[in-house]
Amino acid sequence: MTDETSMHDAVAFELRFQSLYQLGRALAFPCDREGHVDLNRFSERVRNNYLYARAMLGREYAWPRVALCDSESRCRS
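Residue 8 in this note's numbering sits at position 8 of the sequence shown; the count goes up by one each step and never skips.
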């Protein structure tokens, strides 16, 4: 494992689906730096929320963005 690989493993990302109608409302899910999520790691409720957000793209939620999270779990896109 290289230093670059271990650095990327330590960095957290989340996939954010911003609401089109309610300012400040969003659904966010842990992902890798490319925006891939691991559905098998989600609880049933989180998995259902993720699938709902994907189904409602352009209707209720904007296209998702990958946000970088710092060590205090604050994320920014």
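Where is the CB? At the ideal position from N, CA and C, for every residue including glycine.
Which class does Arg59 belong to by DSSP, given the choice of helix, strand or coil? Translated into the one-based positions of the sequence shown, residue 59 becomes position 59. Arg59 falls in the coil class under three-state DSSP.
Anyone know if the C-beta pair for Glu24 and Val66 falls short of 7 Å? In the sequence shown, the residue the question calls residue 24 occupies position 24. In the sequence shown, the residue the question calls residue 66 occupies position 66. The sequence given here has Gly at residue 24, not Glu. It is not a contact, given that the beta carbons lie outside the stated cut-off.
Proximal residues to Pro30 (C-beta, below 6 Å), its chain only, five neighbours per side dropped: The residue labelled residue 30 in the question sits at position 30 within the sequence shown. Correct list, in chain order: Glu14.
C-beta contact flag for Arg16 and Ala28 at 7 Å: The sequence position of residue 16 within the sequence shown is 16, counting from 1. The sequence position of residue 28 within the sequence shown is 28, counting from 1. Yes, these two residues count as a Cβ contact at 7 Å.
Given a cut-off of 7 Å, decide if Tyr61 and Ala55 are closer than it, judged by their beta-carbon atoms. As a working mapping, residue 55 is identified with position 55 in the sequence shown. As a working mapping, residue 61 is identified with position 61 in the sequence shown. Not closer than 7 Å, so no.
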